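Below you'll find the structure, written out as C-alpha cells, and then a few comments.
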Amino acid sequence: MIIRNALVFTPEYKFVKKDIAIENGYFTDAPTQGTANETVLDAGGDYLIPGLVDIHFHGCAGVDFSDGTPEALVTIGTYEAACGITSICPASMTLAEDTLAAVCENAYHYHENCDRQPLARLCGIHLEGPFISMEKKGAQNPAYIKAPDIAVFRRLQNAAHGLVRLITIAPEVPGAEEFIEALGREVHISLGHTCSDYDTAYRAFSLGADHVTHFFNAMPGFTHRAPGVFGAAFDCRHVMPELICDGIHIDPSAVRVTFQLFGEERMILVSDSMMATGMEDGDYSLGGLPVKVTGNRATLADGTIAGSATNLMDCMRTAVSMGIPLETAVRCATYNPAKAIGVDDVCGSIEAGKYGDCVLLSKEDLSTRKVILRGELIHRGEVI
598 MIIRNALVFT
608 PEYKFVKKDI
618 AIENGYFTDA
628 PTQGTANETV
638 LDAGGDYLIP
648 GLVDIHFHGC
658 AGVDFSDGTP
668 EALVTIGTYE
678 AACGITSICP
688 ASMTLAEDTL
698 AAVCENAYHY
708 HENCDRQPLA
718 RLCGIHLEGP
728 FISMEKKGAQ
738 NPAYIKAPDI
748 AVFRRLQNAA
758 HGLVRLITIA
768 PEVPGAEEFI
778 EALGREVHIS
788 LGHTCSDYDT
798 AYRAFSLGAD
808 HVTHFFNAMP
818 GFTHRAPGVF
828 GAAFDCRHVM
838 PELICDGIHI
848 DPSAVRVTFQ
858 LFGEERMILV
868 SDSMMATGME
878 DGDYSLGGLP
888 VKVTGNRATL
898 ADGTIAGSAT
908 NLMDCMRTAV
918 SMGIPLETAV
928 RCATYNPAKA
938 IGVDDVCGSI
948 EAGKYGDCVL
958 LSKEDLSTRK
968 VILRGELIHR
978 GEVI
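Be aware that the sequence shown starts at 598, since it is given in my numbering, and climbs by one per residue.
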C-alpha cells in the first residue's frame with residue numbers, strides 16, 4: 598500500500614507532509630512509485646497517525662476481557678480496530694486466581710491468532726489487581742483482594758505465556774516492597790488503587806515500580822503537605838502516569854496542569870473503557886459488580902465511577918478539546934503507551950520495520966476517515 602499526500606505524524610512527534618509505504622504488513626522505506634497491483638490511497642492532506650495503543654481498558658461492545666472467552670476477545674478486537682486502536686493491552690479485574698488464569702490463557706490464544714484476521718493486535722495483559730488496597734478498591738470486587746504474592750503472579754504469568762506486561766499494586770500493603778524488588782525486572786509495576794503516602798510511593802518507585810494507574814483516581818489527592826503518589830511520581834523521572842481523559846474522571850484544568858508538570862514524554866492516555874463502550878445506556882457489569890451507564894458516565898450503585906464508556910480515540914480527541922496540543926495527545930496515545938510496556942519496537946510510531954497500522958484523521962474535525970491495519974484498509978471488522 599502507498600499512502601500519498603498525508604500529514605504524517607513522524608517519530609519526531611511532528612506532522613510532516615509526505616508519502617508512506619507499507620509492504621507485507623510493515624512500514625517500509627521502499628520507493629513509493631507503486632505498481633499496477635498496489636493500493637494507492639490519497640490522504641488529501643489529512644492527518645496520518647499511528648494506530649493507537651490502549652494499555653488499560655476492560656471491554657467494549659457489550660463484552661469484557663475478563664469474560665475469558667474467545668468470542669469476547671474477537672468482539673473486543675473487532676471494535677477496537679474499527680476505532681483505530683490497533684494494539685491493545687487489556688486489563689483484568691480483581692478476581693479469583695483460577696478465573697484470572699483462564700483469562701490469561703484465553704488472551705494468549707487470541708494473541709497467537711489475531712494476525713490472521715482484521716483484529717486489534719494483543720500486545721500484552723494488564724493485571725489490575727488483585728494486589729490492591731481495600732480502602733481504594735473503586736469498582737474492584739473486594740471478595741478477591743489479597744496481599745501481593747510473587748508465586749501467584751508467576752502462576753498467572755505462566756498461564757499467559759509471558760504476556761503480562763503491567764500489573765497494578767498498592768505499595769503500602771504487606772508484601773508489596775518484596776514483590777516489587779523480586780519482579781521489577783520481569784514486569785512493569787504500576788501503583789494504583791492505593792492509600793499510599795509520598796514516602797511509601799517514592800520507595801516503591803525507587804525499588805522498580807515505573808507506572809501509575811489512572812492518575813488521581815483511586816488514590817489520595819495531591820496537597821501541599823501530603824503530595825502522595827502524585828508528588829512521588831513527579832520526583833521519579835522514570836515513572837509514566839496514565840490519565841483517563843473522558844471528560845468524567847478528571848477536570849480539564851487538572852489534565853492541563855498534569856501535562857504541563859510531567860511533560861509530553863511521560864504522560865499516557867488510556868480509556869479504562871468497560872463493556873458499555875459503543876453501546877446504549879443501560880445496566881452492565883464490571884468485575885461481577887452491577888454498573889449503570891448514562892451517556893459516558895458509568896457508576897456503581899453507590900455512585901463510584903466504574904471505568905469509562907469512552908474508547909481511546911475519543912479520549913484522545915477529548916484531551917485535544919481540553920487544550921492538549923494534537924501532537925502531544927497523539928504521542929500519549931501511541932508511542933508513550935507502547936514504550937511503557939516495552940513494545941515500542943513493533944508499534945506506536947510510523948517507522949520502517951514496525952507494524953503497518955495507522956489511522957487517517959480529518960484535518961477539519963479529527964473524525965476517523967480510514968483505518969489501515971497491517972497495510973490493509975478495514976471497515977467494521979472486515980478488510981476492504
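Glycine included, C-beta positions come from ideal geometry on N, C-alpha and C. These numbers come from a predicted model, not from an experiment.
Under the three-state DSSP convention, the category residue i falls into
i: Leu719; result: strand
i: Glu668; result: helix
i: Ala937; result: helix
i: Asn602; result: strand
i: Cys657; result: strand
i: Pro817; result: coil
i: Cys701; result: helix
i: Ile673; result: helix
i: Pro849; result: helix
i: Tyr932; result: helix
Nearest neighbour of residue i, chosen from the options [CA to CA]
i: Glu677; options: Thr907, Glu694 and Val826; result: Thr907
i: Leu866; options: Gly825, Gln857 and Phe812; result: Phe812
i: Ile841; options: Glu924, Asp661, Glu961 and Thr810; result: Thr810
i: Leu974; options: Leu963, Asp954 and Asp962; result: Asp954
i: His758; options: Asp848, Ala698, Ile673 and Leu963; result: Ala698
i: Leu760; options: Val770, Ala829, Glu702 and Gln737; result: Glu702
i: Ser964; options: Cys912, Ala773, Cys686 and Arg971; result: Cys912
Whole-angstrom distance between residue j and residue i, CA atom to CA atom
i: Ile938; j: Pro745; result: 20 Å
i: His756; j: Arg782; result: According to the sequence displayed, residue 756 carries Ala and not His. In a straight line, the C-alpha of Ala756 is about 19 Å away from that of Arg782.
i: Asp712; j: Ala669; result: 17 Å
i: Val749; j: Glu694; result: 8 Å
i: Tyr881; j: Ser663; result: 14 Å
i: Pro667; j: Ala823; result: 45 Å
i: Cys680; j: Val968; result: 8 Å
i: Lys951; j: Asp643; result: 22 Å
i: Thr797; j: Asp941; result: 30 Å
i: Ala930; j: Val852; result: 14 Å
Beta-carbon spacing of residue i, residue j below 8 Å
i: Leu649; j: Ala603; result: no
i: Gly789; j: Thr765; result: yes
i: Gly884; j: Thr691; result: yes
i: Cys1015; j: Met910; result: Since the first residue shown for the chain is 598 and the last is 981, residue 1015 is missing from the structure and cannot be characterised.
i: Ala898; j: Pro887; result: yes
i: Ser684; j: Ala717; result: yes
i: Val826; j: Thr791; result: yes
i: Phe831; j: Phe802; result: no
Within-8 Å CB hit, residue i to chain B
i: Lys936; result: Looking for chain B here will not work: only one protein chain is present.
Cross-strand partners of residue i (DSSP beta bridge)
i: Glu620; result: Tyr623
i: Gly879; result: Val890
i: Phe812; result: DSSP lists no partner for Phe812.
i: Thr965; result: Leu958
i: Thr765; result: Glu725 and Ser787
i: Phe612; result: Phe606
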